[in-house]
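Chemist: This is the structure, below, for whatever I ask next.
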Amino acid sequence: MPELKPATRDGQPRREQRDEQQWLDEWRRTQDALDKQEQARRRAWLAWLKEQGGRAQYTAWMVLPCNLGDYGLRPLASGTPYWASPFIWVESPDPSGRPQAGAENHLVARVFNLGAGTAAPAKIDFYWADPSVGLGAADAHFIGTEWAEIGPMTSRVVRCATPWIPSYLNNGHECAFVNCDNHVLDPLLLPFQPWADRHVGQRNLAVLPAVAQPFQFWAPGGNRAELHVTALRGVLRELPKEPTNAVRLLGEAAAHLLAGLRPQAMTARRAPGGPRQPPVAGEQIPAKTVIAAVRQTGATRALARPDDKLRPMPLDGRAPLGEHLFKVDGQAGVAQQIELQLQAQTLPLNTFVVLNICHTTAQAVTGGYLLVLAHPAWFRATPHHTMEDESMKIPSQDPQDAALQALVIAQFPQARLALEIARAMQKHLPISSIEEIERAVQYVHVDGMYLSPAMVERFGFKSLLPIRDSADLVAKIAGMLRIAAQQGQGGPSSLLAGALPGSRGASIPAVHFAGPSLFGYTVAKGE
Numbered sequence: 001m002p003e004l005k006p007a008t009r010d011g012q013p014r015r016e017q018r019d020e021q022q023w024l025d026e027w028r029r030t031q032d033a034l035d036k037q038e039q040a041r042r043r044a045w046l047a048w049l050k051e052q053g054g055r056a057q058y059t060a061w062m063v064l065p066c067n068l069g070d071y072g073l074r075p076l077a078s079g080t081p082y083w084a085s086p087f088i089w090v091e092s093p094d095p096s097g098r099p100q101a102g103a104e105n106h107l108v109a110r111v112f113n114l115g116a117g118t119a120a121p122a123k124i125d126f127y128w129a130d131p132s133v134g135l136g137a138a139d140a141h142f143i144g145t146e147w148a149e150i151g152p153m154t155s156r157v158v159r160c161a162t163p164w165i166p167s168y169l170n171n172g173h174e175c176a177f178v179n180c181d182n183h184v185l186d187p188l189l190l191p192f193q194p195w196a197d198r199h200v201g202q203r204n205l206a207v208l209p210a211v212a213q214p215f216q217f218w219a220p221g222g223n224r225a226e227l228h229v230t231a232l233r234g235v236l237r238e239l240p241k242e243p244t245n246a247v248r249l250l251g252e253a254a255a256h257l258l259a260g261l262r263p264q265a266m267t268a269r270r271a272p273g274g275p276r277q278p279p280v281a282g283e284q285i286p287a288k289t290v291i292a293a294v295r296q297t298g299a300t301r302a303l304a305r306p307d308d309k310l311r312p313m314p315l316d317g318r319a320p321l322g323e324h325l326f327k328v329d330g331q332a333g334v335a336q337q338i339e340l341q342l343q344a345q346t347l348p349l350n351t352f353v354v355l356n357i358c359h360t361t362a363q364a365v366t367g368g369y370l371l372v373l374a375h376p377a378w379f380r381a382t383p384h385h386t387m388e389d390e391s392m393k394i395p396s397q398d399p400q401d402a403a404l405q406a407l408v409i410a411q412f413p414q415a416r417l418a419l420e421i422a423r424a425m426q427k428h429l430p431i432s433s434i435e436e437i438e439r440a441v442q443y444v445h446v447d448g449m450y451l452s453p454a455m456v457e458r459f460g461f462k463s464l465l466p467i468r469d470s471a472d473l474v475a476k477i478a479g480m481l482r483i484a485a486q487q488g489q490g491g492p493s494s495l496l497a498g499a500l501p502g503s504r505g506a507s508i509p510a511v512h513f514a515g516p517s518l519f520g521y522t523v524a525k526g527e
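For what it's worth, the UniProt record's numbering labels the leading residue of the sequence shown as 1, then goes sequentially.
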């Protein structure tokens, strides 16, 4: 019987299947072709990299640091004081380094390149602006441009050759902006926004003698506009070994204090031998011991904001803003002139006071200003370690006489009270109104009591006006207390009771008035 072959649906015989080896050979030929294509692609890629010289692997990383621990990470944490870069300063005809109004000054900046590529060409633009806590592009006035080449992992000091002449209107207290840019490899993206772009540096800093004086600046009004302040007292561990720029030295010392307000986000490898002792020691102090009063002068000016891309720093509830200082009244888009009345400070030569002023609105930190107050000797001649500390110097006096003087004052309540009142009022000299007296003595604390406005009126402080200087102040206070003690009637307050004849008021420990601040030495206004 003949064999039957399988048929397809149409009745034709089915084609025999290919051999398995034939399929394997075809797969191998296809795989070999793919391998050759991959090898050709790799050779072409390596040749392209060699031709480019590795330029696609790294770039420059230009930074104008806002503080001593800034490596260029942006955006900055909310509340970081970005407005006081220690790497921007002024070359001035004034030996102390303060900008001199009406004279040629030159802005200087140290620009860092923390990248692996050279920043060339690097363009550095310099600007100035009026003292303000809400600065932007519309407030900046162009000074000049410099070009530089900054190698990898290095920095370069760039001096603006174009002179800058501060106006007498602001007494030389101006602000500065510096923008750096390498257009090809490391471009500037957000001009005049130091908190958001590492290519921008800002210097809103004034170094002033610690005497009674007003200080004025501009602050934007608007939605819940407020001023906050952090007051710090710093001590230099040692004075410079040779004369140097006093303003720059104190500005860098203030930067050390500000860097300690919050932990740093980045740390560097520590050198052998353990951590280094910081060059500045500091503590936070109440702002009311430095600022006697704050007010709006009534002067206003419109704010021009042509660039809608200018964004302020977002406000975080955890931001270290400091004490609430003042609420700025006024409509949005209008800047108000703010005046701080600074109190005189009795400071040793190596001690200074820092006021970090921060301006906020409902949802943003718009800017700030840094004030540094130091002994007036820093501005008469540049102090160094061989100079005598004038703030601690008293007239030549035998040590036994000084101790005897302290004992005598301790036993006479009238002298103790006169000294306490004179200390408080001396910071406000000259005094010409009763309001100034009330403001000066409001924190006088003797025998557990404060001098209230009613006591000021009862004791006859108004009869002391006007008070010209320290000698006039002490003479009039002593006379007023002498008259009050002689009258000795009418039920005087317990605060003065210890100064009246025959009374036995509470005694103040002698150590309360011990030291060089006895009657033998006072600091007059303007010294």
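Glycine residues also receive a C-beta, built at the ideal position from the N, C-alpha and C atoms.
Terminal residues of the continuous beta strand (DSSP E) containing Ile-165?
Modeler: Going by DSSP, Ile-165 is part of no beta strand (DSSP E) at all; its letter is neither H nor E.
Chemist: Need the endpoints of the beta strand (DSSP E) that Gly-368 sits in, please.
Modeler: 364-374
Chemist: My output table needs one value for Asp-130: the three-state DSSP class, helix, strand or coil.
Modeler: Of the three classes helix, strand and coil, the one that applies to Asp-130 here is coil, per DSSP.
Chemist: Just how far apart, CA to CA, sit Gly-282 and Ala-122?
Modeler: 38 Å
Chemist: Going by DSSP, name the residue or residues bridged to Ser-155.
Modeler: Phe-112
Chemist: Cα separation between Val-90 and Val-108?
Modeler: Rounded to the nearest angstrom, the two C-alpha atoms are 6 Å apart.
Chemist: Going by DSSP, name the residue or residues bridged to Glu-323.
Modeler: Looking at the DSSP output, Glu-323 bridges to Val-229.
Chemist: In whole angstroms, give me the CA-to-CA distance for Lys-327 and Gly-222.
Modeler: 10 Å
Chemist: Nearest to Ala-138 by CA position, among Leu-34, Leu-303, Gln-337, is which residue?
Modeler: Leu-303
Chemist: Considering only DSSP beta bridges, list what Asp-125 is partnered with.
Modeler: The partner list for Asp-125 (beta bridge, DSSP) reads Thr-145, Asn-179.
Chemist: Grab me the residues of Met-480's own chain with a C-beta within less than 8 Å of its C-beta, minus the 5 sequence neighbours each way, in chain order.
Modeler: Phe-459, Gly-460, Phe-461, Ser-463, Leu-464
Chemist: Exposed or buried, what is Gly-102 when buried is set at 16 or more other beta-carbons lying within 10 Å of its beta-carbon?
Modeler: exposed
Chemist: If His-228 sits next to Glu-323, beta carbons under 8 Å apart, how far is it from one beta carbon to the other, in whole angstroms?
Modeler: 6 Å
Chemist: Considering Pro-220, what are the terminal residues of the beta strand (DSSP E) in which it resides?
Modeler: 213-220
Chemist: Can you check whether the CB of Phe-126 is closer than 8 Å to the CB of Val-63?
Modeler: no
Chemist: Since Leu-373 contacts Met-425 with CB under 8 Å, what's their CB separation in whole angstroms?
Modeler: The pair is not a contact, with the Cβ atoms about 19 Å apart (cut-off 8 Å).
Chemist: For Gln-345, does the count of other Cβ atoms within 10 angstroms reach 16, so buried, or fall short, so exposed?
Modeler: buried
Chemist: For residue 541, which beta-bridge partners are listed by DSSP?
Modeler: No information on residue 541 is available, as it lies outside the stretch 1 to 527 that the chain covers here.
Chemist: CB-CB under 6 Å to Glu-388, same chain, minus the five flanking residues each way: which ones, in chain order?
Modeler: Since pLDDT at Glu-388 reaches only 44, below the 50 mark, its modelled position is unreliable, and no value is offered.
Chemist: Buried or exposed: which applies to Ser-167, given that a residue is buried once 16 or more other Cβ atoms fall within 10 Å of its Cβ?
Modeler: exposed
Chemist: Can you grab the Cα-Cα spacing for the pair Pro-194 / Ala-299, in whole Å?
Modeler: 28 Å
Chemist: Hey, quick one: how far does the beta strand (DSSP E) through Gly-251 stretch, first residue to last?
Modeler: Unbroken run through Gly-251 is the alpha helix (DSSP H), 246-259; no beta strand (DSSP E).
Chemist: For Ala-292, which three-state DSSP category applies?
Modeler: strand
Chemist: Using CA coordinates, which residue listed in Ala-362, Glu-146, Val-235, Ile-88 is at the minimum distance from Leu-347?
Modeler: Val-235
Chemist: Between the C-alpha atoms of Lys-288 and Ser-85, what's the straight-line distance to the nearest angstrom?
Modeler: 26 Å
Chemist: To the nearest angstrom, how far is it from the Cα of Thr-162 to the Cα of Asp-130?
Modeler: 18 Å
Chemist: For a quick check, are the C-beta atoms of Leu-68 and Ala-259 less than 8 Å apart?
Modeler: yes
Chemist: Would you mind sorting Lys-50 into buried or exposed? The rule is 16 or more other CB atoms within 10 Å of its CB.
Modeler: exposed
Chemist: Which stretch, first to last residue, makes up the alpha helix (DSSP H) that contains Ala-281?
Modeler: Careful: Ala-281 lies outside any alpha helix (DSSP H), inside the beta strand (DSSP E) at 280-285.
Chemist: Can you have a look at His-141 and say buried or exposed, based on whether 16 or more other CB atoms are within 10 angstroms of its CB?
Modeler: exposed
Chemist: What does the Cβ neighbour count give for Leu-370, buried or exposed, with the cut at 16 atoms within 10 Å?
Modeler: buried
Chemist: Whole angstroms is fine: what's the gap from Phe-379's alpha carbon to Gln-100's?
Modeler: A direct Cα-to-Cα measurement between Phe-379 and Gln-100 gives close to 12 Å.
Chemist: With 16 as the cutoff for other CB atoms within 10 Å, does Met-313 come out buried or exposed?
Modeler: buried
Chemist: Report back the beta-carbon spacing between Ile-285 and Leu-232 to the nearest angstrom; my notes put them in contact at under 8 Å.
Modeler: 7 Å
Chemist: Could you check the C-alpha separation between Asp-19 and Asp-32 for me, to the nearest Å?
Modeler: The alpha-carbon atoms of Asp-19 and Asp-32 are separated by roughly 21 Å.
Chemist: For Ser-432, count neighbouring C-beta atoms within 10 Å of its own C-beta (all shown protein chains included) and say buried if the count is 16 or more, exposed if not.
Modeler: exposed
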